[in-house]
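Residue numbering for the sequence shown follows the working numbering, beginning at 27 and increasing consecutively. C-beta atoms are modelled at their ideal positions from N, C-alpha and C, and glycine is treated no differently. What you are looking at is a predicted structure, and each value in this text was computed from that prediction instead of being measured. Read the structure below first, then the notes.
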Amino acid sequence: MIRQLGPDDWAVWRALRGRSLSEDRAAFSASTTMWTGDDDTEERWRGRVADGPCFIAYEDERPVGMVAGQLAGETASLTSMWVAPEVRGRGVGAELVSAVVRWAAGRELSLRVIDGNTAAVATYEAAGFVLLDGVDDEGCRRMVRRALPHRLVQPSAGSATVAWLRRARRVGLRGVLADLNRSGRHVDVPAEAAAYGMAWQRTDEDTQRWFPQGITTSADAYGPEPSGGTYEGHDVVLASWYGHGRIGRRLGARISVIDWHDDEPPRYRHVLLVEPRRLGPLHRLRRVRVHAGGIVWYGDHLFVAGSSAGLRVFRLDDVVRVRNRLRTGGYRYVLPQRTVYAAEHDGDAGPMTYSFLSLDRGGVGDDHLVAGEYGRKGGSHRLISYAIDGATGLLRSDRRGRAQPTDMHERQVARMQGAVVADGRWVLTSSNGEGLPGDLWIGRPGRFTRHRGVLPTGPEDITWLPQRRQLWSLTEWPGRRWVYAIEADRWFALKR
């Protein structure tokens, strides 16, 4: 577990710093002597902890590692890194480095490492740092992690949705839950990792026009507290679908609102995603034509993956009951788009594809939105994270509306369909083609254990339900469509 210290925790920092210098003196430059002798005072240690974030790694409530960050203008530095010998090789160093990387929020990040400390260099290189040439007067080499070349940009808010909502009959998510019109059924899902699951109503299970993709739950929306994770007492699951018609024509995207029950058939209803457009004095509801490969419900917001275009954002309180269903292709309820985050990248970086999404509540500080990239063998297969502003429920952005990623992991698993951080571990799903079982991957970026063929065919997005200690996913192929649970602890304990 990683914790950030406050000034009142100065004694914890001082004690671990003292241990690091006494046990691994050769790993630090001579400048660390400034904290010894007459300079070893409470006032100075308090000031040090207040000067920049100081992170401590704990094992069984015992401090076993440390790292700090410092900011100078638009650049940041990583300092004071140390891991106790008894826990080395367990990933503690990687977790500490990740805490500083996230704090740096996409800025260029630098550090100094004693020349010849190959173990430390390997840890930093795995986190994206590059070793520079040259050795300074204290025998140190410099490593740099460049500012990430990708970002999401929110344009100025449009008025079409706001104007349309003034005249519309908003019922919100509450209204949909009170008017569910379809029934699923509990089934045994044919896969080793599936504990139990749900099949859709037959028309949805077999349709060739709509395909399930993303999944999120009220546990994402309302947090990991044992007594929480529900919407007004309901265990709610949201699933996204994309539709296509003849000759590749896209039918748009929709979400299914599922009121989950363990002891009775789950009921659900589809809600169409729309984008209001003004045509003079009139408004047209245009379908949101995205793949919707992943979704995240956070507070009142719903983030929807938009592939190479970025993200779309909706507010679940904005669900509208329409009077004339001819305008919406027969859908009684629609959810209008509130804003977008357009994907941008530096010219030499190559575009990022936002194929799927999940929520990471497990880090130090901000919650994070995790996005990933589907691709066949030979693709880029990246994972990327963005901090969420707790005050607004949207991405943490600068004055120009630019959200900088806090972290990116290159060259991960081919054919990734979903990724989530669950209880400090990364869990990925990957597909192998229609009719073939999917794979479950557990570990951390660059070091995953593959559980081959334990998922049903056509696995898609994945999410974490901490209250149940379960991972939930869904599948897409007609006739083999399920929403299902995975007992996480069973798979966390396995080594293959």
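Verify whether the separation of the beta carbon atoms of Ala440 and Arg402 is less than 8 Å.
Numbered from 1 along the sequence shown, position 414 holds the residue referred to as residue 440. Numbered from 1 along the sequence shown, position 376 holds the residue referred to as residue 402. Going by C-beta atoms, Ala440 is nearer than 8 Å to Arg402.
Per DSSP, what kind of secondary structure is Tyr400 in: helix, strand or coil?
As a working note, residue 400 is residue 374 in the sequence shown. Note: Tyr400 maps to coil in three-state DSSP.
Taking 8 Å as the cut-off, does the segment 166-177 touch the segment 283-290 (at least 3 CB pairs, one atom from each stretch)?
Output reads no: the segment 166-177 does not touch the segment 283-290.
Please give the ranges of any beta strand (DSSP E) in the segment 311-347, keeping only runs that are unbroken, at least 3 residues long and fully inside the region.
321-324, 327-331 and 336-341
Considering only DSSP beta bridges, list what Pro485 is partnered with.
The count along the sequence shown starts at 1 and reaches residue 485 at position 459. The partner list for Pro485 (beta bridge, DSSP) reads Thr501.
Can you check whether the CB of Ser334 is closer than 8 Å to the CB of Thr365?
Indexing the sequence shown from 1 puts residue 365 at position 339. Indexing the sequence shown from 1 puts residue 334 at position 308. No Cβ-Cβ contact shorter than 8 Å links Thr365 with Ser334.
Provide the residue(s) that pair with Met92 in DSSP beta bridges, ordered along the chain.
Stepping through the sequence shown from its first residue, residue 92 is reached at position 66. The partner list for Met92 (beta bridge, DSSP) reads Ile82 and Trp108.
From the DSSP secondary-structure annotation, give me the bridge partner or partners of Ser525.
One cannot answer for residue 525 here, as it falls past the ends of the chain, which runs 27 to 522.
Should Leu481 and Leu466 be called a contact, given that it needs their Cβ atoms to be closer than 8 Å?
Position 455 of the sequence shown, counting from 1, holds the residue named residue 481. Position 440 of the sequence shown, counting from 1, holds the residue named residue 466. In this structure, Leu466 lies closer than 8 Å to Leu481 by Cβ.
Which runs of the beta strand (DSSP E) at least 3 residues long sit entirely within the segment 409-457? Give them in chain order.
409-413, 433-435, 442-448 and 451-456
Is the distance from the Cβ of Ser411 to the Cβ of Thr432 below 8 Å?
Counted from its first residue, the sequence shown places residue 411 at position 385. Counted from its first residue, the sequence shown places residue 432 at position 406. Yes, these two residues count as a Cβ contact at 8 Å.
Can you tell me whether Gln438 is buried or exposed, with buried defined as 16 or more other CB within 10 angstroms of its CB?
Counted from its first residue, the sequence shown places residue 438 at position 412. Burial state of Gln438 is buried, judged by a 10 Å Cβ sphere holding 16 or more other Cβ atoms.
Just reading off the beta strand (DSSP E) that Arg133 is part of, what are its end residues?
Position 107 of the sequence shown, counting from 1, holds the residue named residue 133. First-last for Arg133: undefined, no H or E at that position.
Which residue or residues does DSSP assign as beta-bridge partners of Tyr367?
Walking along the sequence shown from the start, residue 367 turns up at place 341. Answer by DSSP bridge pairing, in chain order: Leu337.
Among the candidates Arg29, Glu502, Leu383 and Arg295, whose CA atom is the shortest distance from the CA of Val26?
The shown model of the chain, from 27 to 522, leaves out residue 26, and the question about it has no answer.
Do you know offhand how far Tyr257's Cα is from Ile140's?
By 1-based counting over the sequence shown, the position of residue 257 is 231. By 1-based counting over the sequence shown, the position of residue 140 is 114. Rounded to whole angstroms, Tyr257 to Ile140 spans 52 Å at the Cα level.
Using DSSP with H/G/I as helix, E/B as strand and the rest coil, what is Ala221?
The residue you call residue 221 lines up with position 195 of the sequence shown. Three-state result, Ala221: coil.
DSSP three-state label for Thr354, please.
Position 328 of the sequence shown, counted from the start, is the residue given in the question as residue 354. Thr354 falls in the helix class under three-state DSSP.
Check whether the Cβ atoms of Val297 and Arg310 lie closer than 8 Å to each other.
Stepping through the sequence shown from its first residue, residue 297 is reached at position 271. Stepping through the sequence shown from its first residue, residue 310 is reached at position 284. For Val297 and Arg310, no; Cβs fall outside 8 Å.
Taking 7 Å as the cut-off, does the CB of Phe54 come closer than this to any heavy atom belonging to the ligand MN?
As presented, the structure is devoid of all ligands, the ligand MN included, so that no description of it is given.
Using a threshold of 8 Å, state whether the C-beta atoms of Arg293 and Glu301 are closer than that.
If you number the sequence shown from 1, residue 293 lands on position 267. If you number the sequence shown from 1, residue 301 lands on position 275. Not in contact: Arg293 and Glu301 (Cβ atoms no closer than 8 Å).
Using a threshold of 8 Å, state whether the C-beta atoms of Met169 and Val161 are closer than that.
One-based indexing of the sequence shown puts residue 169 at position 143. One-based indexing of the sequence shown puts residue 161 at position 135. In this structure, Val161 does not lie closer than 8 Å to Met169 by Cβ.
State the CB to CB distance for the pair Gly524 and Gly78, rounded to an integer number of angstroms; the pair is presumed to be in contact (CB under 8 Å).
The question about residue 524 has no answer here: the residues shown for the chain are numbered 27 through 522.
Ends of the alpha helix (DSSP H) at Tyr150?
In the sequence shown, counting from the first residue as 1, residue 150 sits at position 124. Note, Tyr150: alpha helix (DSSP H), Thr144 to Ala152.
Should Pro463 be labelled buried (16 or more other beta-carbon atoms within 10 Å of its own) or exposed?
For the purposes of this step, residue 463 is taken as the residue at position 437 of the sequence shown. Looking at its Cβ environment, which holds 16 or more other Cβ atoms inside 10 Å, Pro463 is buried.
Spatial neighbours of Arg358 within its chain, please: C-beta separation below 7 Å, excluding the five flanking residues on both sides.
The residue you call residue 358 lines up with position 332 of the sequence shown. Result list for Arg358: Arg347, Val348 and Arg351, in chain order.
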